[in-house]
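Here's the structure we're looking at; comments come further down.
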Amino acid sequence: MNVLPLATALLLGFQHALEADHMVAVTTFVADKPTAPHALRFGFRWGFGHSLAVIAFGGVLLATGLSWPARYDAVGEGIVGTMLIGLGIWAVRTARKLHFHPPAGHGDHAHLHAHPAPAPVHDHGHDPHHPHAHDLTHAARHAPETAHHDAAHHAHPHPHPHPHPEAPEAVAAPQPHPHHHGHGITIVGLMHGLAGSSAVVALVPVTLIGRWDIGLLYLAAFGVGVTLGMMLYASVAAYAMRRAADRSVALGRQLSTAVGVLGICVGLWWVIRAVRGA
8 MNVLPLATAL LLGFQHALEA DHMVAVTTFV ADKPTAPHAL RFGFRWGFGH SLAVIAFGGV
68 LLATGLSWPA RYDAVGEGIV GTMLIGLGIW AVRTARKLHF HPPAGHGDHA HLHAHPAPAP
128 VHDHGHDPHH PHAHDLTHAA RHAPETAHHD AAHHAHPHPH PHPHPEAPEA VAAPQPHPHH
188 HGHGITIVGL MHGLAGSSAV VALVPVTLIG RWDIGLLYLA AFGVGVTLGM MLYASVAAYA
248 MRRAADRSVA LGRQLSTAVG VLGICVGLWW VIRAVRGA
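Each residue of the sequence shown is one higher than the one before, counting from 8 in my numbering.
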C-alpha cells in the first residue's frame with residue numbers, strides 16, 4: 008500500500024489544525040487552565056470532535072462512490088499540491104503575527120493569538136501616582152477619612168481597563184466561564200469540522216482515491232494529524248500563558264513556520280509529480 012496519501016493526509020491535518028480560528032477557539036479554553044495535562048486534553052477533545060465531522064462527511068462521499076475521474080488524476084494531484092503550498096505559505100505568514108498578551112489588562116487571563124497586523128504597543132495610560140487597593144488600605148490604617156476621600160475622588164472612569172476595588176477583600180477569584188465545559192470544546196471541534204476549509208482540505212482529496220478502505224484510512228490519518236497538531240499547539244499556548252516569556256512565543260512561531268515550510272516542500276513535490284504525469 009502506498010503510504011504517500013496517508014502521509015499527505017497527516018500533514019494536511021496538522022496544518023489544518025493551525026488555522027487562526029481553530030487556535031483562537033482552543034486558546035480560549037486553555038486560558039482558564041493553562042497546564043500541560045489540561046492543554047493536551049483540550050487539544051485532543053477538539054481534534055476528536057473535528058475528526059468525527061470530517062469522517063462522517065467523508066464516509067458519505069465514499070459510500071456514494073463519488074470519485075475524481077481517472078483521466079484527471081494529474082489535475083487532482085496538482086490541486087492537492089497547490090493546496091499544500093497555499094496552506095504552507097499561510098502558516099509561515101501567520102507565524103510572524105503570533106503575539107502573546109499577558110494577563111494584565113486582558114480580562115485577567117493570558118492568551119496567544121495571531122494579529123491581522125503587527126500588534127501595536129498597548130498604552131493603558133496608567134498613572135503611577137494613582138492609588139490602588141493596597142494604597143487605600145495603607146491610608147485607611149492611618150487616616151480613614153483620607154482613604155474615603157481618595158476612594159470617592161477616584162470613582163470616575165480611567166483609561167486603563169483593570170478594576171480598582173476599594174478593599175483587598177473585595178477582590179474575587181476569577182471564575183471559570185460557564186461554557187468551558189468538558190464537552191464544550193468537543194462541540195467546537197465538531198462545528199469547525201462541519202464548516203470552514205475542512206471540506207476542501209480533507210474531502211476533496213478523498214474523491215481522488217478509488218478504494219473506500221484507503222479513503223477511510225486517509226480520513227483517519229487526517230484526523231490524527233488534526234488532533235496531534237492541536238494538542239501540540241495547545242501545549243505551546245499553555246506554556247506561554249504560564250511563563251509569559253518571549254521564548255514561548257518564539258517556540259510557537261518556530262512550530263508554525265516549520266509546519267508551513269514542510270507543507271510547501273511536500274506541495275511542490277505533488278505539483279512536480281502532477282506535471283510529470285500530465
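The beta carbon of each residue, even a glycine, is placed where N, CA and C say it ideally should be.
Since the model is a prediction, treat every value here as computed from it, not as a measurement.
Please confirm whether Gly236 and Phe21 have their CB atoms less than 8 Å apart.
-> Their beta carbons are under 8 Å apart, which means Gly236 touches Phe21 by this criterion.
Kindly indicate which residue of Trp277, Arg283, Ala244 and Ala257 has the alpha-carbon position closest to the one of Ala43.
-> It is Ala244.
Would you tell me roughly how many angstroms separate the C-alpha atoms of Leu223 and Leu197, rounded to the nearest one?
-> One C-alpha to the other measures close to 18 Å.
Out of curiosity, what's the CA-to-CA distance linking Lys40 and Thr234?
-> Just so you know, the alpha carbons of Lys40 and Thr234 end up roughly 19 Å apart.
Alpha-carbon spacing of Ala81 relative to Pro212, whole angstroms | Whole-angstrom Cα-Cα distance: 12 Å.
Quick one, are the C-beta atoms of Ala7 and Gly267 less than 8 Å apart?
-> Residue 7 lies beyond the range of the chain shown here (8 to 285); nothing can be said about it.
By DSSP, does Arg280 sit in helix, in strand, or in coil?
-> Correct three-state label for Arg280: helix.
With distances taken from CA atoms, which of Phe49, Glu84 and Leu73 is nearest Ala16?
-> The residue with the shortest Cα to Cα distance from Ala16 is Glu84.
Roughly how many angstroms separate the alpha carbons of Ala209 and Met248, rounded to a whole number?
-> The alpha-carbon separation between Ala209 and Met248 amounts to approximately 31 Å.
In terms of alpha-carbon separation, which member of Phe229, Ala257, Thr264 and Trp276 lies closest to Gly56?
-> Checked all of Phe229, Ala257, Thr264 and Trp276; the closest Cα to Gly56 is Phe229.
Exposure label - Gly284; buried when at least 16 CB within 10 Å = Exposed: under 16 other Cβ atoms inside 10 Å.
Can you name the start and end residues of the alpha helix (DSSP H) that Ala38 belongs to?
-> Looking at the DSSP string, the run of the alpha helix (DSSP H) that includes Ala38 is Ala27 to Asp39.
Residue environment, His199, which counts as buried when at least 16 other CB atoms sit within 10 Å = With 16 or more Cβ atoms within 10 Å of its Cβ, His199 is classed as buried.
What is the residue span of the alpha helix (DSSP H) that Leu210 lies within?
-> Following the DSSP letters along the chain, one finds Leu210 in no alpha helix (DSSP H), marked with neither H nor E.
Measure the alpha-carbon distance for Ala154 versus Gly191 and round it to whole angstroms.
-> Annotation note: pLDDT 43 at Ala154 (below 50); position unreliable, no value reported.
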